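What follows is a set of notes on a single structure, which appears directly below.
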Amino acid sequence: MTTPGFRPTHVVPQHGMAAWEAPDPARPTVPLDPLLPVQLLERRGDWGHVLCANGWSAWVDGRFLVAVPKDPPVADAPLARTADPRPLLARAEETLARYRSAVEELADGGLDTEAFQSHTRGLRIGVVVDGESVWLYDAQHGRWVYADGTRLSTYAAEDAPRAAAGDPGHAATQVVTPDGP
Numbered sequence: 003m004t005t006p007g008f009r010p011t012h013v014v015p016q017h018g019m020a021a022w023e024a025p026d027p028a029r030p031t032v033p034l035d036p037l038l039p040v041q042l043l044e045r046r047g048d049w050g051h052v053l054c055a056n057g058w059s060a061w062v063d064g065r066f067l068v069a070v071p072k073d074p075p076v077a078d079a080p081l082a083r084t085a086d087p088r089p090l091l092a093r094a095e096e097t098l099a100r101y102r103s104a105v106e107e108l109a110d111g112g113l114d115t116e117a118f119q120s121h122t123r124g125l126r127i128g129v130v131v132d133g134e135s136v137w138l139y140d141a142q143h144g145r146w147v148y149a150d151g152t153r154l155s156t157y158a159a160e161d162a163p164r165a166a167a168g169d170p171g172h173a174a175t176q177v178v179t180p181d182g183p
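The sequence shown maps to residues 3 to 183 in this note's numbering.
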């Protein structure tokens with residue numbers, strides 16, 4: 003359950019982090035999960051008071067929080083139906099299969115670390131599945147896309163926007179929140 007109006011400002015580092023009931027090392031509480039979105043409410047020196055999406059709050063070492071960039075602007079026009087997500091899902095599966103194969107060869111002694119690095123160089127994939135929603139990294143176009151099972155919309159791009167007449171794969175950027183697009 004998400005607290006109404008919750009807008010994350012930071013995420014917990016990838017290895018999680020310790021948390022405390024108060025800005026006092028003698029009062030530890032449950033650690034925060036890796037990559038958990040949080041809202042920084044207050045700072046006291048190195049301490050940071052954070053609010054989680056479910057309304058739970060804790061104190062953390064604020065120096066280690068990872069800042070979330072501001073959301074991209076919302077498009078003025080309604081989004082057009084865009085590309086089918088299935089080709090990106092297939093590419094993600096192929097990339098993961100190639101990586102898994104290289105890991106298995108490394109584990110079986112068929113590859114040394116240099117050969118493993120050579121086999122995996124250039125592989126890039128990003129997939130987050132959350133119920134009916136999926137975020138996929140489209141390495142070919144350098145962008146993250148959001149799919150709801152039927153359509154694919156650009157969520158964030160590495161490069162500046164560019165006009166490509168008649169290219170349905172370059173729709174307007176869409177901000178996706180837990181409440182929907």
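The C-beta atom is built at its ideal place from N, Cα and C for all residues, glycine as well.
These figures come from a predicted structure and were not determined experimentally.
Local Cβ density within 10 Å of residue i, reported as buried at 16 or more and exposed below that
i: residue 94; result: buried
i: residue 120; result: exposed
i: residue 140; result: buried
i: residue 131; result: exposed
i: residue 17; result: exposed
i: residue 60; result: buried
i: residue 138; result: buried
i: residue 7; result: exposed
i: residue 168; result: Unreliable positioning characterises residue 168 in this predicted model, as indicated by a pLDDT of 47, which lies under 50. The coordinate reading is nonetheless provided below. Exposed, by the Cβ-count rule.
i: residue 37; result: exposed
i: residue 19; result: buried
8 angstroms contact criterion, which residue i and residue j should meet: CB distance rounded
i: residue 13; j: residue 68; result: 5 angstroms
i: residue 42; j: residue 64; result: 7 angstroms
8 angstroms Cβ cutoff met for residue i and residue j
i: residue 34; j: residue 55; result: no
i: residue 32; j: residue 50; result: no
i: residue 70; j: residue 15; result: no
i: residue 46; j: residue 25; result: yes
i: residue 101; j: residue 122; result: yes
i: residue 53; j: residue 97; result: no
Beta-carbon contacts of residue i that lie in its chain and below 6 angstroms, excluding the five residues immediately before and after
i: residue 149; result: 87 and 136
i: residue 118; result: 104 and 108
i: residue 83; result: Below a pLDDT of 50, predicted positions are generally treated as unreliable, and residue 83, at 48, falls in that range; the measurement from the model is reported next regardless. So the qualifying residues of the chain are 153.
Nonlocal neighbours in the same chain, by C-beta distance under 7 angstroms from residue i, ignoring five residues either side
i: residue 66; result: 15 and 19
i: residue 134; result: 150 and 151
Practice prompt. Decide yes or no for the touch test of the segment 103 to 110 against the segment 86 to 93: beta carbon pairs closer than 8 angstroms, at least 3 of them.
Written response: By the Cβ rule, the segment 103 to 110 does not count as touching the segment 86 to 93, because fewer than three pairs are nearer than 8 angstroms.
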